[in-house]
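Going down the list, the sequences are from chains W and G. The opening residue of the first sequence carries number 1 in my numbering; numbering runs sequentially from there. The opening residue of the second sequence carries number 1001 in my numbering; numbering runs sequentially from there. Note that the Cβ used here is the ideal one computed from N, Cα and C, for glycine as well.
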Amino acid sequence: MAFEERQLPGDGTLAATFKCPTCGRVVAMLTNPMETQLVSSLGVEIGGRTVPAQPLETVRKMVATGREDAFDEGSREPGAGSGTTWSAGALERLNRVPNFVRGMVKRIYADYAKERGIAEITPAVMDTARAELGLEGM
Amino acid sequence: MPPIRTYHDLTDADRSGLPEQIGAQRKRVAERLAKVGRVIAVMSGKGGVGKSYVTAHLARALARAGRPTGVLDADLNGPTIPRLLEVPHAPRTTHADGVEPATGADGVKCISMAMLLEDGAPLAFKGPSAESFVWRGAMEASALRELLGDVAWGSLDTLLLDLPPGMQRYVELCDILGAPPAVLTVTIATAESGDAVRRAMRAAVERGSRLLGIVENMVGDEFPGTAGDDLAREFGVPLLARLPWRPTPDAWAGLAGRL
Chain W
1 MAFEERQLPG DGTLAATFKC PTCGRVVAML TNPMETQLVS SLGVEIGGRT
51 VPAQPLETVR KMVATGREDA FDEGSREPGA GSGTTWSAGA LERLNRVPNF
101 VRGMVKRIYA DYAKERGIAE ITPAVMDTAR AELGLEGM
Chain G
1001 MPPIRTYHDL TDADRSGLPE QIGAQRKRVA ERLAKVGRVI AVMSGKGGVG
1051 KSYVTAHLAR ALARAGRPTG VLDADLNGPT IPRLLEVPHA PRTTHADGVE
1101 PATGADGVKC ISMAMLLEDG APLAFKGPSA ESFVWRGAME ASALRELLGD
1151 VAWGSLDTLL LDLPPGMQRY VELCDILGAP PAVLTVTIAT AESGDAVRRA
1201 MRAAVERGSR LLGIVENMVG DEFPGTAGDD LAREFGVPLL ARLPWRPTPD
1251 AWAGLAGRL
């Protein structure tokens, strides 16, 4: 079965479709919020990873009581040297992400753009990345 | 309608890839710990015997003896290692390939959930509140895996893992590390502590851990008994130290020298 599509409707559920390359049958997997959370807690992605896992990714995505100043992103800006730029609108959106995850999220978008040869990260690119990578709430 | 293939009918190309992702996670941990000489789980099975206190001071003694040492505070819900190692709060520097640990007293490297949580806040996860017991354990195991595999420990002689009471974290560690870690057991002298610690030691032996020995802590009239000697004799391991309420640096150096 080949993975086709993953959707996170924003209500805690997950929908993923898989298609058999031989007979063409499509199977959908639907998970309720508890089941979705259980999969998320393993740190895996249904359908496979398209960008590398970030350091402490599960902790930063899932901890609700993280302190704002828990992390600093080092002297090397995520995406620096890769040729990727950020539009003003994208940076504004990024700055609304809680600091606990902001550096990691910036790095994820930068990796996503680099993988696809995208030169500038814009809000539209972020929307597409969010849908593809399941960055709900980020 | 053609018959539906079950999971075991699928070839590798058809499969979900989840086992491969989990394998990659384990590999990341193994690669990160490749430069760590040894990993020792400091365990008790019993709460309140001073595991964290012993872990922190043992780490400092090892470091003072010229053996680079790190501590991973595996008590995610009741982390105390940063205070014991006198680590002032500072943001953890993060790079693409890892998170820098903090440096505490005597140069001991450490990471703890206490560094990442709001002051006084419990470890809480985002997610559905109903039936949270179903996924919370898996979430904590993932957090432990990331603290092992995503922290830039560098080259260490010893990485001490300060475990919380009970056996759950030890069991998770065995799976994450791919092999059971060596175990240093902490008890107090009372028979009650001995009973609880005995269960934990038996579980560790059944899993294949090497028992390094026993530390009997808080020795004095307050906690009478012979649990340390009894357990050492029962399991054929050394009683490495009997620590009084205020151990001297020599006492810690003595323990470090026996490990």
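Cα-Cα, which of the options is closest to residue i?
i       : options                            : result
A1041/G : L1240/G, A1105/G, A1204/G, W1245/G : A1204/G
K1035/G : A1124/G, I1004/G, A1096/G, D1157/G : D1157/G
R1038/G : V1219/G, G1104/G, S1209/G          : S1209/G
D1230/G : L1147/G, V1087/G, D1195/G          : D1195/G
E24/W   : V97/W, R102/W, E4/W                : First, the amino acid is wrong: residue 24/W is Gly here, not Glu. Of the candidates V97/W, R102/W, E4/W, the one whose C-alpha sits nearest the C-alpha of G24/W is E4/W.
D1207/G : H1008/G, A1182/G, D1119/G, L1084/G : Residue 1207/G is actually Arg in this sequence, not Asp. Ranking the options by Cα distance to R1207/G, first place goes to A1182/G.
L1184/G : L1239/G, W1135/G, L1147/G          : L1239/G
L1259/G : P1101/G, I1022/G, A1063/G          : A1063/G
G964/G  : P1247/G, R1198/G, M1113/G, A1061/G : Look at the range of chain G in this structure, 1001 to 1259, and you will see that residue 964/G is not part of it.
R1060/G : R1233/G, E1086/G, G1045/G, A1074/G : E1086/G
A53/W   : E120/W, P123/W, I121/W, A110/W     : A110/W
P1224/G : S1044/G, Y1170/G, R1242/G, L1147/G : R1242/G
P1091/G : E1118/G, G1107/G, D1221/G          : E1118/G
G12/W   : E132/W, S40/W, K19/W               : S40/W
L1212/G : G1017/G, A1232/G, L1144/G          : A1232/G
W1252/G : K1046/G, A1065/G, G1107/G, M1201/G : A1065/G
Q37/W   : E1172/G, G1137/G, V1186/G          : G1137/G
E57/W   : L14/W, R116/W, R102/W, P21/W       : R102/W
L42/W   : M1043/G, P1019/G, G1045/G          : P1019/G
T1187/G : I1022/G, G1048/G, D1073/G          : G1048/G
T22/W   : M1/W, R6/W, P33/W                  : M1/W
Go ahead and label residue i buried or exposed: buried means 16 or more other beta carbons lie within 10 angstroms of its beta carbon, across all protein chains shown.
i       : result
H1057/G : buried
I142/W  : As shown, chain W starts at 1 and ends at 138. That puts residue 142/W outside it, with no answer to give.
C1110/G : buried
G79/W   : Here G79/W scores only 49 on pLDDT, less than 50, and its place in the model should not be relied on; the value that follows carries that caveat. With 16 or more Cβ atoms within 10 Å of its Cβ, G79/W is classed as buried.
A113/W  : buried
F100/W  : buried
I108/W  : buried
P1249/G : exposed
P9/W    : exposed
I1004/G : exposed
A28/W   : exposed
P55/W   : buried
A1102/G : buried
G1257/G : exposed
Y1007/G : exposed
L1161/G : buried
V1237/G : buried
A16/W   : buried
R1246/G : exposed
E120/W  : exposed
V1108/G : buried
Taking 7 Å as the CB-CB cut-off, is residue i touching chain B?
i       : result
A1034/G : Of the protein chains in this structure, namely W and G, none is chain B.
So, does the segment 88-102 of chain W touch the segment 1147-1159 of chain G, judging by three or more C-beta pairs under 8 Å?
These segments do not touch.
Would you call the segment 1173-1193 of chain G in contact with the segment 1025-1035 of chain G, where contact means no fewer than 3 C-beta pairs closer than 8 Å?
Touching, yes, given that three or more Cβ pairs across the two stretches are closer than 8 Å.
Spell out a yes or no on whether the segment 1043-1062 of chain G and the segment 1077-1087 of chain G are touching, meaning 3 or more CB-CB pairs, one atom from each, closer than 8 Å.
These segments touch.
Evaluate the contact criterion for the segment 1159-1169 of chain G versus the segment 66-74 of chain W: three or more CB pairs, one atom per stretch, below 8 Å.
no
Assess contact between the segment 1217-1236 of chain G and the segment 1061-1069 of chain G, defined as three or more Cβ pairs (one per stretch) separated by less than 8 Å. Is contact present?
no
Would you say the segment 1189-1202 of chain G touches the segment 1086-1099 of chain G, given that touching needs at least three Cβ pairs under 8 Å?
no
Members of the segment 31-55 of chain W near chain G, C-beta cut-off 9 Å
N32, P33, M34, E35, T36, Q37, L38, V39, S40, S41, L42, G43, V44, E45, I46, G47, G48, R49, P52, A53, Q54, P55
Using 8 Å as the cut-off, can you tell me whether the segment 1120-1128 of chain G makes contact with the segment 54-66 of chain W, which would need three or more C-beta pairs spanning the two stretches below that distance?
yes
Which runs of the alpha helix (DSSP H) fall wholly inside the segment 26-114 of chain W and span at least 4 residues, in chain order?
33-41, 57-62, 88-94
Kindly provide the ranges of any beta strand (DSSP E) runs that are 3 or more residues long and lie completely inside the segment 1124-1157 of chain G, ordered along the chain.
none
Output needed in chain order: residues of the segment 1109-1129 of chain G with a Cβ under 9 Å from some Cβ in chain W.
M1113, M1115, L1116, L1117, E1118, D1119, A1121, P1122, L1123, A1124, F1125, K1126, G1127, P1128
Beta strand (DSSP E) runs wholly inside the segment 1160-1219 of chain G, at least 3 long, in chain order:
1182-1187, 1211-1219
Contained beta strand (DSSP E) runs [length at least 3] in the segment 1045-1128 of chain G, N- to C-terminal order:
Counting whole runs of 3 or more residues, the segment 1045-1128 of chain G contains the beta strand (DSSP E) stretches 1069-1073, 1092-1095, 1109-1112.
Contact list for the segment 1078-1094 of chain G against chain W, Cβ threshold 9 Å:
H1089, A1090, P1091, R1092, T1093, T1094
With 7 Å as the C-beta to C-beta threshold (strictly closer), list the residues of the segment 1216-1233 of chain G near chain W in chain order.
none
Closer than 7 Å, Cβ to Cβ, to anything on chain G: give me those residues from the segment 95-113 of chain W, in chain order.
G103, R107
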